[in-house]
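Visitor:
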Amino acid sequence: MKISPKVRMNRLFRNGGCLDVAVDHGVCNEPSFLAGLEDMPRVVAMLAEAGPDAIQMTWGQADLLQARPEAGKPALVLRLDMGNPYNATRHRVMWAELQNAADPVLPAVQMDAACVVVNLFMLPDEPELFRQCVQNIARVREDCTRYGMPLMIEPLVMLPNDIRGGYQVDGDAEKIVTLVRLATEMGADIIKADPTTDPQDFHRVVEAARVPVLARGGGKEDLRLVLEKSAALVAQGAKGLVYGRNIYQHANPKAVVAALMAIIHQGADGAAAWEVYNRGA
């Protein structure tokens, strides 16, 4: 019997929305990403108690979530690839590889993941990196179909390294929409997309995807601005959010999770979410 990916997607999209907290930063090999993630057992325990819909992790850390016995814990989103585009220094060779090339989706099945995620990097003057990502997605898409595993593709359009030091998000709506459309053409079940510079343009990303879109976070910002932007993206059609540093590097991650969950599941605007945060502080 063919297993539909929607069987697992139902564990992610509770009440139609999803807050996915990303703590898979260790595979980026970037020291600045690890602040707040030094003690992973503590981080996972804290996030499980905070109660987001999902936690995005790697194979080497996923047991910290899946070994927990409680019912109703966050679903596991498993990162399948790794690469070097996030480092502050541009490398002579840019690369992205699957962590288990022989059977890349099998670890997700073994860990009872609800979804897998793979990057689609678009960096200036790096066509080989882009080709590697396309090959990775094609390989994973085949196995996702076989296992009934939802595939989240993460299309990332980045600025040149010399603009802000280290590859940073390019919020150009035209570029993001084009790469999201490519991800959809390759068979994404879920898209994890960067926000457009103007959040009011994000509906174009949603329209291009034709599958649920989760807006991606990025570097840590002022929380009140994060909540305002998050509410605007959800109002434009995003089905949820994938945030990492804006949650786990915060002094009160549980309160931040509560505020973001209010936006996604209760339709709160930025001001109402700010009030939720302050009640939980």
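For the sequence shown, counting from 1, position 206 maps to 268 in our numbering; every step adds exactly one.
Where is the CB? At the ideal position from N, CA and C, for every residue including glycine.
#1: Do you know offhand how far E269's Cα is from Q262's?
#2: Classify T258 as buried or exposed, calling it buried when 16 or more other Cβ atoms lie within 10 Å of its own Cβ.
#3: Confirm, please, whether the CB-CB distance from A297 to V267 is below 9 angstroms.
#4: Using alpha carbons as the reference points, say which of A170, P136 and L289 lies closest to A112.
#5: Assuming P217 contacts F75 under a Cβ cut-off of 8 angstroms, what Cβ separation, rounded to an integer in Å, is found between them?
#6: Can you tell me the Cα-Cα spacing of D165 and L142, whole angstroms?
#7: Of the residues D284, H87, M214 and L276, which one's Cα is nearest the Cα of V180?
#8: For V105, decide whether its Cβ has a neighbour in chain D, counting only Cβ atoms nearer than 9 angstroms.
#9: Which residues does DSSP list as the beta-bridge partners of C177?
#10: Hey, quick one: how far does the beta strand (DSSP E) through P217 stretch, first residue to last?
#11: How is D82 classed by DSSP in three states: helix, strand or coil?
#12: Tell me whether the beta-carbon of L138 lies closer than 9 angstroms to the beta-carbon of M108.
#13: Decide yes or no for the touch test of the stretch 315-332 against the stretch 235-246: beta carbon pairs closer than 8 angstroms, at least 3 of them.
#14: On the criterion of 16 or more Cβ atoms from any shown chain inside 10 Å, does L96 qualify as buried, or is it exposed?
Guide: So, to answer that:
#1: 13 angstroms
#2: buried
#3: no
#4: P136
#5: In fact, because the Cβ distance is near 20 angstroms, the residues do not count as touching under 8 angstroms.
#6: 11 angstroms
#7: M214
#8: Looking at the structure shown, chain D is missing, and only one protein chain is on hand.
#9: V139
#10: L213 to V219
#11: strand
#12: no
#13: no
#14: exposed
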